[in-house]
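Chains as they are written, first to last, in this note's numbering: chain A, 723 to 878; chain B, 723 to 878.
Idealized CB from N, CA, C, for every residue including glycine.
In what follows, a structure is listed as structure tokens, so that the remarks can point back to it.
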DNA sequence: ACCTGAAATGAGAATGATTGCCATTTTAAA
DNA sequence: TTTAAAATGGCAATCATTCTCATTTCAGGT
Ligand SMILES: [Zn+2]
Ligand SMILES: [Zn+2]
Ligand SMILES: [Zn+2]
Ligand SMILES: [Zn+2]
């Protein structure tokens with residue numbers, strides 16, 4: 723369930739865990755220990771994490787399992803894969819689970835990715851405009867992705 | 723120079739060519755035949771092109787030169803590298819040259835990328851909102867990137 | 001608590017886009 | 001024309017990601 727309006731607190735770990743179990747079950751996948759550790763790692767990250775960052779935070783996850791299980795989790799709608807201009811991907815918990823539609827600030831110098839949210843009014847304006855553009859081009863809109871490229875505090 | 727307000731016609735090939743020469747000169751690079759062919763190929767593409775698409779349209783461009791010269795052209799600000807969820811990059815002429823700030827419709831099924839433009843009013847609203855978010859996070863905003871993900875006409 | 005077949009794991013090999021290397025060719029200026 | 005620097009093109013190397021397969025874990029039935 724969505725949190726009450728105005729409540730920006732994160733869904734509790736336990737609730738997220740239950741939701742993950744449901745999502746995995748829906749695609750006939752088990753919620754194994756390795757997958758639980760991945761979800762935990764992503765919950766703790768401040769922004770989307772790279773494979774290396776995940777490896778670093780949890781020594782017990784072999785690389786091949788990280789890749790395979792992130793693919794499974796993405797298929798189940800538990801995580802989202804994020805591609806920037808760096809040559810490796812990043813992963814974060816799906817918005818469905820965090821209940822926060824958000825966007826990314828990307829530092830073009832060091833590659834760090836930070837989450838941020840837009841005002842609801844702006845989001846709505848945007849969605850309308852995108853729906854119009856999609857219609858003109860014969861596209862069926864599913865989602866949008868908005869990144870701000872710039873320099874982070876440390877790279878000015 | 724930017725075209726007159728309301729004029730959405732493309733900058734002529736000759737003008738673009740001159741501008742490319744200037745941009746390359748600014749970073750001490752020559753405007754060679756191979757680089758001219760790349761610019762021509764990108765001008766003809768309906769959207770951002772992959773390396774393979776460029777190879778296909780111009781048989782006289784060896785792959786290693788395509789990669790090397792696209793990197794040079796990107797460095798000079800002539801082309802923009804676009805990364806989607808496919809595992810290969812796409813390139814298009816920089817907005818500086820086409821004089822059209824635009825965004826992308828990306829088909830999540832077949833990967834095709836199509837350009838579209840947003841209403842100026844929406845762009846301004848967006849820029850304001852992004853500037854605010856950037857300030858809060860200590861970022862210096864440079865540019866934004868907005869994609870609509872969905873299904874193209876052929877993949878519905 | 002045992003079976004038993006299916007799913008998951010982990011170590012390493014294979015893949016494939018991209019980058020690096022270097023001998024040869026082209027360019028621009030003297 | 002000479003000459004040094006820049007560019008080229010074929011191919012090797014890199015490296016994130018995917019694949020393979022032998023072993024382990026799991027769930028369900030007994
Ligand atoms: Zn930075
Ligand atoms: Zn995020
Ligand atoms: Zn499509
Ligand atoms: Zn474009």
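- Around residue 862 of chain B, the beta-carbon contacts reaching into chain A at under 8 Å are 872, 873 and 878.
- Going by DSSP, residue 789 of chain A is part of the alpha helix (DSSP H) stretching over 785–797.
- Residue 832 of chain B sits in coil when the DSSP states are folded into three classes, being neither helix nor strand.
- Following the DSSP letters along the chain, one finds residue 870 of chain A inside the beta strand (DSSP E) bounded by residues 862–873.
- In summary, residue 781 of chain B is exposed, with fewer than 16 beta-carbon neighbours lying within 10 Å of its beta-carbon over all protein chains present.
- In this structure, residue 834 of chain A has its CB closer than 6 Å to one or more heavy atoms of ligand 1.
- Here the distance from the Cβ of residue 853 of chain A to the nearest heavy atom of ligand 3 is not below 6 Å.
- With a beta-carbon spacing of about 12 Å, residue 760 of chain A and residue 738 of chain A fall beyond the 8 Å limit used to define contacts.
- Using a Cβ distance threshold of 7 Å, residue 830 of chain B and residue 870 of chain B do not count as a contacting pair.
- In this structure, DSSP gives residue 849 of chain A a helical state, which the three-state scheme calls helix.
- Proximity of the segment 834–845 of chain A to the segment 834–841 of chain B falls short of the contact definition, fewer than three beta-carbon pairs being nearer than 8 Å.
- For residue 826 of chain A, same chain residues with a beta-carbon under 6 Å away, outside a window of 5 residues either side, are 835 and 869 in chain order.
- Under the Cβ distance rule, residue 837 of chain A does not count among the residues neighbouring chain B, no pair being separated by less than 7 Å.
- The alpha carbon of residue 863 of chain B has as its nearest neighbour, out of B:770, B:850 and B:823, the alpha carbon of B:850.
- Sorting B:867, B:855 and B:810 by C-alpha distance to the C-alpha of residue 771 of chain B places B:810 at the top.
- For residue 820 of chain B, the closest C-alpha among the options B:755, B:762, B:861 and B:805 is that of B:762.
- For residue 812 of chain A, the enclosing beta strand (DSSP E) has its first and last residue at 812–815.
- The nearest non-hydrogen atom of ligand 2 is less than 6 Å from the C-beta of residue 814 of chain A.
- When rounded, the separation of the alpha-carbon atoms in residue 792 of chain B and residue 746 of chain A is 42 Å.
- Short note on residue 831 of chain A: C-beta closer than 6 Å to some heavy atom of ligand 1.
- Residue 814 of chain B sits buried, since 16 or more C-beta atoms from the chains shown fall within 10 Å of its C-beta.
- Boundaries of the alpha helix (DSSP H) harbouring residue 757 of chain B: 755–766, taken from the DSSP string.
- Across the segment 838–857 of chain A, CB contacts with chain B closer than 8 Å involve 838, 839, 840, 841, 844, 847, 848, 851, 852, 855 and 856, in sequence order along the chain.
- With a cut-off of 6 Å, the C-beta of residue 876 of chain B is classified as near ligand 3, since at least one heavy atom of the ligand falls inside that distance.
- For residue 859 of chain A, a Cβ of chain B is located within less than 7 Å of the residue's own Cβ.
- For residue 801 of chain A, the secondary structure class from DSSP, reduced to helix, strand or coil, is strand.
- Counting the other Cβ atoms within 10 Å of the Cβ of residue 752 of chain A gives fewer than 16, which makes it exposed.
- Secondary-structure assignment with DSSP links residue 771 of chain A through a beta bridge to A:813.
- Look at residue 805 of chain B: its C-beta is under 7 Å from a C-beta on chain A.
- CA-CA distance, residue 799 of chain A to residue 744 of chain B, rounds to 47 Å.
- When secondary structure is reduced to three states using DSSP, residue 739 of chain A falls in the helix class.
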